[in-house]
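A.B. asks: For the sequence shown, full-length UniProt numbering begins at 1 and goes up steadily by one.
The beta-carbon is built from N, C-alpha and C at its ideal position, and this holds for glycine as well.
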Amino acid sequence: MLVLAGRAEAAAATDPGAVHIDNFTFSPATLTVKAGARVTWTNRDDEPHTVTSSSNPRSFASGALDTDGTFAFTFDKPGMYPYFCAIRPHMTGVIVVK
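1) Using a 10 Å radius around the Cβ and a threshold of 16 neighbouring Cβ atoms, would you call threonine 30 buried or exposed?
2) Helix, strand or coil: which one does DSSP assign to alanine 61?
3) What's the C-alpha gap between alanine 35 and alanine 72?
4) To the nearest angstrom, how far is the alpha carbon of cysteine 85 from that of valine 51?
5) Quick test of your reading: tyrosine 81 and serine 53, contact by CB under 8 angstroms. State the CB separation rounded to the nearest angstrom.
6) Measure from the alpha carbon of threonine 40 to the alpha carbon of each residue in Pro89, Ser27 and Met91, then state which is nearest.
7) Report all residues from its chain with a CB closer than 8 angstroms to the CB of alanine 64; omit the five preceding and five following residues, and keep chain order.
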């Protein structure tokens, strides 16, 4: 059972649709995905964060994510989706959808 959990963690770490919130930053800060891709953010900090975008072509907002909380969003339309943490607005990132 522990081996499977380790494999799941390793897979999540290399998931091309994964963004981690760690040490008050989004990593990677810029992520490029294909249209139709689902991106999942995971908060690894001890403080709550949000994933918020109010830009076109489509906005999204996670609400507060506590430690180990996740938020997923499917990007159907090509474009650039800048986002930030509404609690700490200096934290920013961009999803580029091709």
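C.D. replies: Short version:
1) By 1-based counting over the sequence shown, the position of residue 30 is 30. It is exposed - the Cβ of threonine 30 has fewer than 16 other Cβ atoms within 10 Å.
2) Your numbering for residue 61 matches position 61 in the sequence shown. Strand.
3) Start at 1 with the first residue of the sequence shown, and residue 35 comes out as number 35. Start at 1 with the first residue of the sequence shown, and residue 72 comes out as number 72. Taking the straight line from one Cα to the other gives about 15 angstroms.
4) On the sequence shown, residue 85 is found 85 positions in, with the first residue counted as 1. On the sequence shown, residue 51 is found 51 positions in, with the first residue counted as 1. If you take the alpha carbons of cysteine 85 and valine 51, they lie about 5 angstroms apart.
5) The residue labelled residue 81 in the question sits at position 81 within the sequence shown. The residue labelled residue 53 in the question sits at position 53 within the sequence shown. Sure, about 5 angstroms apart at Cβ, within 8 angstroms.
6) Within the sequence shown, numbered from 1, the residue matching residue 40 stands at position 40. Checking every option, the nearest Cα to that of threonine 40 belongs to Ser27.
7) Along the sequence shown, read from residue 1 onward, the residue named residue 64 stands at position 64. Here the set comprises Pro48, His49, Thr50 and Ile87.
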